[in-house]
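Line by line, the protein sequences are chains A and B. Number 76 in this note's numbering belongs to position 76 of the first sequence; there are no gaps in the numbering. Number 1108 in this note's numbering belongs to position 108 of the second sequence; there are no gaps in the numbering.
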Amino acid sequence: MTFISLQEVSYTYNGRKEAAVKNVSLSIAEREKISLTGLNGSGKSTLAKLILGLLKPQTGKIVLDGLPLGKYSLAKIGEKVGYVVQNPSQMLFNTSVFNEIAFGLKWKGKGKDEIFHFCKKYLEFFELWHLRDELPFNLSEGQKQLVVICAVLALQPRFLILDEPTKSIDTFRKKRLIDILQEIWHLGTGVMVISHDMEFLTAFDGRRIHMEKGEVVEDAGRYQN
Amino acid sequence: MQVDIRTKLLIVAIFSALALVYQNPLILGIILLLNLLTVILFRVPLQIFREFKGFIYMYAVLMVIQSFFVRDGEPLLQLGNIYLLTTDGVLYGISIMLRFFILACSGIILLNCNTSELILALVKLRIPYEIVFMIQVGIRFIPVFMGELQNIFHGIQLRGVDLRRVYKRKVLKVYVSIFSPVIYSVLQKAEKLSILLELRGFRKSPARTYYRDISLSRIDYVVMTLSLIVTVALIYAVRNL
């Protein structure tokens, strides 16, 4: 079943002549693994932001889970689609690593035990549990990235978009990240990874979509679940 | 009309000072009109006024609040012997709103100025370079912090928090989450900037040269003189009202 559908979507940033995303049509199933690749400035992150409703397409239509994207509030989109941005500092706003992961769970109304369980589970998985009381802003870029990944994973979205998730993380944690992405995919979550890291994408083994100058120039077809 | 940035600074200073000196809504209305004419004359993109839409509501609320605190004049709304709203109160509220508009519109005059020219103009006005540099840094970082603020807003909402539906008692908590990272980022950027400045020998030598140069032309002198004449005439006319 199609979860995200883009129909002839285009977007041009203010003051730019060239469209960042040009007439992109895509159909993404609920439990799909996607590797989105392309050179810098090819429109990958813009496409992700369009799917998340952070940018509004000037032409075309985006449908999420059967409804036009405009019908959802950003919070409702966030409940369905988890997003890990390229720059993790943009998504850190709590006073401790633990609270950063607990933030969304508290707002979801989860109980104390459940919050503790999720925080511990993901922080231990990435071997970050010892940093739970640290101020997130003081962590290294890689650690910040992992904390944001943990915070988004803990919310258990139906679809996950990760923009350059391996940019600053070490080989050991990269392996861990692949493991957990495969695990959540097996459990039914769709995953889209935007990356230049071909080694990571090969291990991830998703439907490969390649973008050039805002257009989808290669789509390896829907992944067989 | 192409004029030197110092001419524009003089006009901004005149409008801002007049807005603060006068309280009569009629006079403030005339000043606002002159201000708008100047904005058009300096070919400032008028699309900027679209941004005012958000402020109009705020100004209107402010006007109503202000008007309730003035007790003089004829009562328009009263509860027993207590005057809730008076004619003077309404006029005072309108004055406040007009003042805000004049201050905002006079700032708009500087909108199509080059930041480097503004900095150079301030230096030529003999403002200490350290202060000018602080202004430059402030201007440079405003869009960065606005962007960061927006990212945090998006980040919070994408974690499933609908900011429009947050309970009143939790609003403060959410806003602490929004502003604390931005304040932290400001402090972090300030620290990094100070280190970078030291490394590049900021103020090591008292002599500083500038690649660009600005100079006052005949049109600047004409505009400055005209501005001063109009200002004096306005002050004189108001005195004799």
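Glycine included, each C-beta is placed from N, C-alpha and C at the ideal position.
Whose CA, out of the options, lies closest to the CA of residue i?
i, options, result
"Ala1207 of chain B", "B:Ala1190, B:Pro1128 and B:Ser1194", "B:Pro1128"
"Gly70 of chain A", "A:Gln86, A:Val81 and A:Leu52", "A:Leu52"
"Ile1235 of chain B", "B:Leu1028, B:Val1012 and B:Met1001", "B:Leu1028"
"Gly82 of chain A", "A:Phe93, A:Asp179, A:Val193 and A:Arg158", "A:Arg158"
"Ala220 of chain A", "A:Gly214, A:Ile34, A:Phe200 and A:Glu8", "A:Ile34"
"Ile1214 of chain B", "B:Gly1201, B:Leu1079, B:Leu1110 and B:Glu1117", "B:Glu1117"
"Ala1104 of chain B", "B:Arg1050, B:Gln1078 and B:Leu1077", "B:Arg1050"
"Ser1106 of chain B", "B:Phe1202, B:Gln1023, B:Val1238 and B:Ala1019", "B:Ala1019"
"Met1 of chain A", "A:Thr12, A:Trp129, A:Ala29 and A:Val24", "A:Ala29"
"Gly60 of chain A", "A:Leu128, A:Asn99 and A:Gln7", "A:Gln7"
"Lys80 of chain A", "A:Val152, A:Gly109 and A:Val217", "A:Val152"
"Arg951 of chain B", "B:Val1238, B:Lys1124 and B:Ile1195", "No answer is possible for residue 951 of chain B: it lies beyond the span of chain B, which begins at 1001 and ends at 1241."
"Met1001 of chain B", "B:Val1166, B:Asn1112 and B:Tyr1184", "B:Asn1112"
"Val24 of chain A", "A:Arg16, A:Ala48 and A:Asn40", "A:Ala48"
"Leu1226 of chain B", "B:Ile1195, B:Met1063, B:Lys1204 and B:Thr1038", "B:Thr1038"
Along the chain, where does the alpha helix (DSSP H) that runs through residue i open and close?
i, result
"Glu114 of chain A", "Lys112 to Phe125"
"Arg207 of chain A", "Element bounds for Arg207 of chain A: not the alpha helix (DSSP H) but the beta strand (DSSP E), Arg207 to Glu212."
"Phe1069 of chain B", "Careful: Phe1069 of chain B lies outside any alpha helix (DSSP H) and carries neither H nor E."
"Thr37 of chain A", "That residue, Thr37 of chain A, is in no alpha helix (DSSP H); its beta strand (DSSP E) goes Lys33 to Gly38."
"Leu50 of chain A", "Lys44 to Ile51"
"Ile1014 of chain B", "Ile1005 to Val1021"
"Gly142 of chain A", "Glu141 to Ala154"
"Leu1029 of chain B", "With the sequence shown as reference, residue 1029 of chain B is identified as Gly, and Leu is not the correct amino acid for it. That run of the alpha helix (DSSP H) goes Pro1025 to Leu1041."
Which whole-angstrom value describes the C-beta separation of residue i and residue j, a residue pair presumed to lie in contact below a C-beta threshold of 8 Å?
i, j, result
"Val1003 of chain B", "Ile1219 of chain B", "6 Å"
"Val148 of chain A", "Val84 of chain A", "5 Å"
"Ala75 of chain A", "Gln1157 of chain B", "5 Å"
"Ala1121 of chain B", "Arg1006 of chain B", "5 Å"
"Ile1056 of chain B", "Phe93 of chain A", "With a Cβ gap of about 31 Å, Ile1056 of chain B and Phe93 of chain A do not count as contacting."
"Arg207 of chain A", "Thr37 of chain A", "11 Å between Cβ atoms; not a contact."
"Trp107 of chain A", "Val1161 of chain B", "5 Å"
"Gln145 of chain A", "Ile180 of chain A", "Incorrect: roughly 14 Å between the Cβ atoms, too far for contact."
"Val1012 of chain B", "Leu1110 of chain B", "6 Å"
"Phe1145 of chain B", "Val1182 of chain B", "6 Å"
Under 7 Å Cβ to Cβ from residue i, same chain only, skipping five residues before and after it: list those, please.
i, result
"Pro1025 of chain B", "Leu1091, Ile1094, Ser1095 and Leu1098"
"Gln224 of chain A", "Reliability fails at Gln224 of chain A, whose pLDDT of 44 lies under 50, so the model's placement of it is uncertain and no value is given."
"Cys1074 of chain B", "Inspection of the sequence shows that residue 1074 of chain B is occupied by Glu rather than by Cys. Counting only Cβ-Cβ distances below 7 Å, and skipping sequence neighbours, we find Thr1086 and Thr1087."
Which two residues bound the contiguous beta strand (DSSP E) that contains residue i?
i, result
"Ala29 of chain A", "Val21 to Ala29"
"Lys61 of chain A", "Thr59 to Leu64"
"Lys106 of chain A", "Not the beta strand (DSSP E): Lys106 of chain A falls in the alpha helix (DSSP H), residues Val97 to Trp107."
"Asp163 of chain A", "Phe159 to Asp163"
"Glu215 of chain A", "Glu215 to Asp219"
"Leu6 of chain A", "Thr2 to Tyr11"
"Val84 of chain A", "Val81 to Val84"
"Ile180 of chain A", "Taken as a continuous stretch (DSSP letters only), Ile180 of chain A belongs to no beta strand (DSSP E), being part of the alpha helix (DSSP H) at Thr171 to His186."
"Val1044 of chain B", "Taken as a continuous stretch (DSSP letters only), Val1044 of chain B belongs to no beta strand (DSSP E), as it is neither H nor E."
Which same chain residues end up closer than 6 Å to residue i when comparing Cβ atoms and leaving out the 5 residues on each side of it in sequence?
i, result
"Lys22 of chain A", "Ser10, Gly214 and Glu215"
"Asp197 of chain A", "Thr166"
"Ser5 of chain A", "Ser27 and Val63"
"Met211 of chain A", "Gly38, Ser42, Gly43 and Lys44"
"Gly188 of chain A", "Arg31"
"Phe1100 of chain B", "Tyr1059"
Could you pull out every residue in the same chain whose Cβ sits closer than 8 Å to the Cβ of residue i, ignoring the five residues on either side in sequence?
i, result
"Ile1229 of chain B", "none"
"Ile1041 of chain B", "The question names Ile, but residue 1041 of chain B is Leu in the sequence shown. Here the set comprises Met1001."
So which residues of chain E does residue i contact, with C-beta pairs closer than 8 Å?
i, result
"Glu79 of chain A", "Of the protein chains in the structure, A and B, none is chain E."
query: Which runs of the alpha helix (DSSP H), 4 residues or longer, sit entirely within the stretch 1087 to 1126 of chain B?
result: 1087 to 1108 and 1115 to 1124
- request: Quick one: which unbroken alpha helix (DSSP H) runs of 4-plus residues sit fully inside the stretch 1150 to 1174 of chain B? Chain order, please.
  value: none
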